[in-house]
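*Asks:* Numbering (the UniProt record's numbering), first residue to last: 1 to 219.
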């Protein structure tokens, strides 16, 4: 027997309304900003003539080179410079200053010379002390960041350059759930007529104090 459709009438709760609200007003107060010159420009991979599809333009054009995080005690922004240094920019509201410090250096990937297609570096923060990073040339890293509210160098926990059939990729997303780490690795496959996005869902386990790849699913 089919269920009957219920009619719900939405009524505002008068106890939650501000009777003196007179609308939003534009503030002409100037916003403070700080200019800080970088010692080295941000690392950036540009499209080459072989990357001409809409997918290439979208992924490279919408790439955000800054990774930010906010907590109750700190606000940080991370970026990679042309020397492959992973830097942390921290703004202090007490001193109104911006401090940039190097937290890690991306090792040179020996297999990068064989990569025809390269992507920009992708970084995902998993928890208070863990992160994953792809160098865009096929290398994958699991990093111990330590407490990111203080000055602390990051350490490599796991490294592999054979996750995606020895091909380059970028990290679309990563989630830590219990003892399992789930990562979406993406790459663009250029066909004869059109390009398509290939996605691999890779699952790791750290139950034995070492990261073990459990499964790989392709979409």
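The beta-carbon is built from N, C-alpha and C at its ideal position, and this holds for glycine as well.
What is the rounded straight-line gap between the Cα of residue 53 and the Cα of residue 66?
*Replies:* Taking the chain shown and counting its residues from 1, one reaches residue 53 at position 53. Taking the chain shown and counting its residues from 1, one reaches residue 66 at position 66. Near 24 Å, if we compare the C-alpha coordinates of residue 66 and residue 53.
*Asks:* Determine, using beta carbons only, whether residue 138 and residue 169 come nearer to each other than 9 Å.
*Replies:* The residue labelled residue 138 in the question sits at position 138 within the chain shown. The residue labelled residue 169 in the question sits at position 169 within the chain shown. Closer than 9 Å, so yes.
*Asks:* Output the distance between the C-alpha atoms of residue 46 and residue 99, rounded to the nearest integer angstrom.
*Replies:* In the chain shown, residue 46 corresponds to position 46, counting from 1. In the chain shown, residue 99 corresponds to position 99, counting from 1. C-alpha separation (whole angstroms): 28 Å.
*Asks:* Between residue 215 and residue 203, which are expected to be in contact by the criterion C-beta below 8 Å, what is the C-beta distance as a whole number of angstroms?
*Replies:* As a working mapping, residue 215 is identified with position 215 in the chain shown. As a working mapping, residue 203 is identified with position 203 in the chain shown. Right, their Cβ atoms sit about 5 Å apart.
*Asks:* If distances are taken between C-alpha atoms only, which option among 19, 38, 56 comes closest to residue 191?
*Replies:* Position 191 of the chain shown, counting from 1, holds the residue named residue 191. Taking each of 19, 38, 56 in turn and checking the Cα distance to residue 191, the smallest one comes out for 56.
*Asks:* Would you call residue 134 buried or exposed, if buried means 16 or more other Cβ atoms sit within 10 Å of its Cβ?
*Replies:* Position 134 of the chain shown holds residue 134. Answer is buried; the Cβ neighbour count reaches 16.
*Asks:* State whether the region 176 to 194 contacts the region 125 to 132, with contact taken as three or more CB pairs (one from each stretch) at a distance under 8 Å.
*Replies:* Cβ pair count under 8 Å is three or more, so yes.
*Asks:* Near residue 158, which residues of its chain fall below 6 Å by C-beta distance, leaving aside the five closest residues on each side in sequence?
*Replies:* The residue given as residue 158 occupies position 158 in the chain shown. Contacts found: 142, 211.
*Asks:* Have a look at residue 126 and residue 4 and give me their C-alpha separation to the nearest angstrom.
*Replies:* Your numbering for residue 126 matches position 126 in the chain shown. Your numbering for residue 4 matches position 4 in the chain shown. Looking at the two C-alpha atoms, the distance is approximately 45 Å.
*Asks:* Counting C-beta neighbours from all protein chains within 10 Å, is the total for residue 140 16 or more, i.e. buried, or is it exposed?
*Replies:* As a first step, residue 140 must be located in the chain shown, where it is residue number 140. Looking at its Cβ environment, which holds 16 or more other Cβ atoms inside 10 Å, residue 140 is buried.
*Asks:* With C-beta atoms as the reference, is residue 39 less than 9 Å away from residue 81?
*Replies:* By 1-based counting over the chain shown, the position of residue 39 is 39. By 1-based counting over the chain shown, the position of residue 81 is 81. Taking 9 Å as the Cβ cut-off, residue 39 and residue 81 qualify as a contacting pair.
*Asks:* List in chain order: all unbroken beta strand (DSSP E) runs of 3+ residues lying wholly within the region 48 to 101.
*Replies:* 67 to 70, 75 to 80, 85 to 92
*Asks:* Please determine, among 172, 194, 17, 49, the residue with the shortest C-alpha to C-alpha distance to residue 186.
*Replies:* Residue 186 sits at position 186 when you count from the first residue of the chain shown. It is 172.
*Asks:* Using a Cβ-Cβ cut-off of 8 Å (strictly less than) and excluding sequence neighbours within five positions of residue 188, which residues of its own chain qualify?
*Replies:* Along the chain shown, one-based indexing puts residue 188 at 188. Same-chain partners within the cutoff: 51, 53, 55, 56, 59, 117, 195, 196, 197, 198.
*Asks:* Could you spell out the range, first to last residue, of the beta strand (DSSP E) harbouring residue 122?
*Replies:* Along the chain shown, one-based indexing puts residue 122 at 122. Residue 122 -> beta strand (DSSP E) spans 122 to 125.
*Asks:* In chain order, which continuous runs of the alpha helix (DSSP H) of length 4 or greater are located wholly inside the region 137 to 201?
*Replies:* none
*Asks:* Closer than 8 Å by C-beta to residue 42: which residues in its own chain qualify, once you throw out the five before and the five after it? Chain order, please.
*Replies:* Within the chain shown, numbered from 1, the residue matching residue 42 stands at position 42. Closer than 8 Å at Cβ, skipping near neighbours: 65, 79, 80, 81, 82.
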